[in-house]
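Numbering (full-length UniProt numbering), first residue to last: 1 to 736.
We treat Cβ as the ideally placed atom computed from N, Cα and C, and that holds for glycine.
All values derive from a computational prediction rather than experimental measurement.
What follows is a set of notes on a single structure, which appears directly below.
This is the structure in C-alpha cells:
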C-alpha cells in the first residue's frame, strides 16, 4: 500500500529536526555509524514514530556519554568551595544533599554537620570528593541511573559549611518556605504536611518513612502532576462556584486563571526540593492529553510528548517518573476512548484500577519484586491524598482557620492505613515479573475489548490461584536449612534460613556492601515473608556500615539478637545491643546449631580482617563455615587450638586471594564446595589448593547468587549466574 504523503513528510521533518538537534552529541565515529544504521531503518520503515524513537535514543545515549566523560576520576579535597544546595534527604545517621558548584559540576554529598540545610542555601564548603560507582547488583542499577540522570560527577562528604547570603530571589523564597513551615500543624501530621507542601521529608520519623517505603506509596509524598492537577481541579471548581454567586466576565476564563495560579503557586513554593522537569512534565502531560485526545491519534500524541521530553532534557528517560508519566498518558488516552460514556464515579474507579495495574510493567523495569498490598493501598490513598489531604494542606499553608485541624485528621487516617497495610505479606504474596506482565496484559485486553464481567472474574481467579501457588514455598523440617550467598559487590551477604527463622551475616566492607546489604534484606523480607529475622552478624563493621544499618531500621528490620566483631559507630536505638562474636557463643535454631569460631576467647587482633566473625552452621543434614573475611592468621590459630570437623560448604569472602584458604585449612575442613567472591577466578595457587581437596570452586564474582539446600535427601545447589535477583528463578544449573 502506498504510504501517506503527509506521514512521509511528517516523519522526515521531525526526524530531520531531532537529528539536527542531536548532531552536537554525535561527535564520535561510533555514534555516526549508529546514526547511519538508524537512518537506513527509518528509510525502510517510513514511520514518524520509529524515526523519533531512534533519534531520541541516540540523543539520550549521547547525553549519557557526555556526562560520563565529565565524571571525577580520582579523589579531591574541597577547600572553601562555593556551593548551592539543591535538594536534601535526611536520615537517622546523617543527611545527603544534591549540591551544585557555582560555575561547576553537581555532587552528591553526605552532610556531616549539624542539621539539614534548606534547598537554595549557598555557602563555602570544606570536605572531600571521590568518584562514584554503582555495582551491578540488587538495588544498585536504579541508583546508577539516578546518578546519571542528575548529572552527578562525584560523591563525597561535607565536614564544614559556612553559609553565605543568597541572592535576593532565593532569600525571598527561603523566607516564604520558613513562614509556611511555621504553620500550626503538630504531631505526626507535620511530616506529611511538609512533604506535601514543601517537598521536604526531614520532619518524618524513621518509622513513617519505613512504612511509606514498604507499602510503595512514597510517590504520594513527592510533588507530581497528580498533586498539581488535583489542586488545579479544586481551584477550577471553586472559581466556578464563586462566579455563580458574582458573575463577572467569562466563567471559564476565571476558572482557568484560578487553576493556573494555584497550581503554579504550589510548584513555585516546592520547586527547590523537587525536580523541575519532572514536576513540569507531569503537569503538562494530562493537559496535552485533554487538549489533543480528539484531534490526534494516540501514537501521535505520545510522539509529541516524547519529543518535548527529549528536547527538554535528554537524560529524562533515565528517570522512572518520566516513564510513569509517559505510560500513564497512554493509559488515560486509552481509557478516554473506551469509558468516556460511563458515569463519573465509574470512570474514577476505572482510571484508578487501570493505572495501578498497567503501571506494573514500567515499575518492574526499575524495582522488583512487586506487591499487591501496595497496589491496593494506592487505590485507597490516591483519592484521600488528592481530594482531601492535599487541599487541606494547601489551605493550612495559606493560614485558613481549621484547615490544619482537618489536615491532622486526614493525616491520622493516612497513618492508620499505612499501619494496617504494613503487615507481614503472607496474606498477599509477591508478584514476579512474568505474573506482573500477564496481569497487566489481561487488564489491557479487558479494557480494549470491553470484556464482560465473567471474563474479569475468570482472570481474577486465574491470577489468584497462580499467586497462591507462587507463595507456597517448600517447608523446612527440623534440622533442615537453606544457605543463600548473595554478592554485594565488595563482599557477600550470607543468609541461613531454618524452620524457626533466618540468620543473616554481612561479610563485606565499604559503601557498596553496606548499601547492598540493606537492599538485599529489603527484598528478601518481602519475597519470603514467613520467616522471622532472628539474628544479624556484622563480620567486619566499618564506618560505612552505619548507612546500611540505618536503612535496615527504616525498613522495620529488627533482629532478636545481633553480633559484631567490633562495636559499630552507629546502632539503631530500638535494637538490642550487639554482642561480641566470641568463641563460646552458640545457639540453636530450628534444629540447626550455630557457633562462632575463634583461635581463643576474646581474640581481637588489631587487623579488622583477622578479627572478623567466623560462623559455623551444623545440622544432621550438613555443615557450613562462613569465614566472614578472616585470613590465614585466624585459620592457623584455629588449627593450633583444635581440629575442625569437615564441612560441606565453605564460604570465603577474601576474593580468592592467597591470603586465605590455606592448604592446611582446606585439608582440615575437606569442603565439597568453596564459595568465594573473586571478580574472576581465584588465584592459581588457591585454585590448586581447592582442586587438591577435590572441592568445587563456586564464584559469586561480584554479581552471582548461590543457593544450597540441606535436607534428609542430601545437598541440593543452584546458581543464578548473572541473574541478580533470586525471585526471577532462572537457574544456570542444578544438581544434587
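Contact under 9 Å by Cβ, residue i with residue j
i           : j           : result
residue 559 : residue 504 : yes
residue 395 : residue 417 : no
residue 87  : residue 131 : no
residue 594 : residue 588 : yes
residue 574 : residue 536 : no
residue 231 : residue 117 : no
residue 619 : residue 710 : yes
residue 185 : residue 350 : no
residue 496 : residue 617 : yes
residue 220 : residue 378 : yes
residue 552 : residue 568 : no
residue 201 : residue 209 : yes
residue 145 : residue 68  : no
residue 393 : residue 192 : yes
With 16 other Cβ atoms within 10 Å as the buried cut-off, status of residue i
i           : result
residue 584 : exposed
residue 664 : exposed
residue 698 : buried
residue 343 : exposed
residue 576 : exposed
residue 482 : buried
residue 314 : buried
residue 75  : exposed
residue 645 : exposed
residue 194 : buried
residue 182 : exposed
residue 515 : Bear in mind that a pLDDT of 47 at residue 515, under 50, signals an unreliable position, so the number given afterwards is only what the model happens to contain. Buried, because 16 or more other Cβ atoms sit within 10 Å of the Cβ of residue 515.
residue 661 : buried
residue 106 : buried
residue 400 : exposed
Residue i (DSSP reduced to helix, strand or coil)
i           : result
residue 747 : Residue 747 cannot be examined here, being either before or after the span of the chain that is shown, 1 to 736.
residue 511 : With a pLDDT of only 46 at residue 511, under 50, the local geometry of the prediction cannot be trusted, and the value read off the model is given with reservation. The answer is helix: DSSP assigns residue 511 an H, G or I state.
residue 718 : strand
residue 539 : coil
residue 141 : With a pLDDT of only 49 at residue 141, under the threshold of 50, the placement of this residue in the model should not be trusted; the figure read from the coordinates follows. Residue 141: helix per DSSP, three-state reduction.
residue 708 : strand
residue 198 : helix
residue 584 : coil
residue 65  : helix
residue 570 : coil
residue 5   : With a pLDDT of 43 at residue 5, under the threshold of 50, the modelled position of this residue cannot be trusted, and the question is left open.
residue 82  : strand
residue 743 : Outside the modelled stretch of the chain, which goes from 1 to 736, sits residue 743, for which no answer is possible.
residue 506 : strand
residue 501 : strand
Alpha-carbon to alpha-carbon, residue j and residue i
i           : j           : result
residue 629 : residue 643 : 20 Å
residue 89  : residue 157 : 14 Å
residue 611 : residue 563 : 13 Å
residue 670 : residue 686 : 14 Å
residue 341 : residue 245 : 31 Å
residue 141 : residue 241 : Note that residue 141 has pLDDT 49, beneath the 50 cutoff, so the model's placement of it is unreliable and the number below is only indicative. Those two C-alpha atoms are separated by around 49 Å.
residue 155 : residue 129 : 6 Å
residue 717 : residue 384 : 48 Å
residue 650 : residue 173 : 59 Å
residue 647 : residue 684 : 23 Å
residue 541 : residue 502 : 20 Å
residue 500 : residue 533 : 9 Å
residue 207 : residue 605 : 37 Å
residue 109 : residue 715 : 46 Å
residue 197 : residue 410 : 15 Å
residue 259 : residue 249 : 17 Å
residue 251 : residue 389 : 27 Å
residue 561 : residue 59  : 52 Å
residue 254 : residue 151 : 41 Å
residue 475 : residue 615 : 24 Å
residue 256 : residue 386 : 19 Å
residue 412 : residue 373 : 20 Å
residue 572 : residue 205 : 13 Å
residue 636 : residue 677 : 21 Å
residue 586 : residue 153 : 47 Å
Residue i Cβ short of 8 Å to the ligand NAD heavy atom set
i           : result
residue 674 : In the structure shown, the ligand NAD is absent, as is every other ligand, since no ligand is present at all.
Query raised in the report: Do the region 687 to 697 and the region 595 to 605 make contact, defined as three or more Cβ pairs closer than 8 Å?
Result: no
Query raised in the report: Looking at C-beta atoms only, is the number of pairs between the region 65 to 81 and the region 165 to 184 that lie closer than 8 Å three or more?
Result: no
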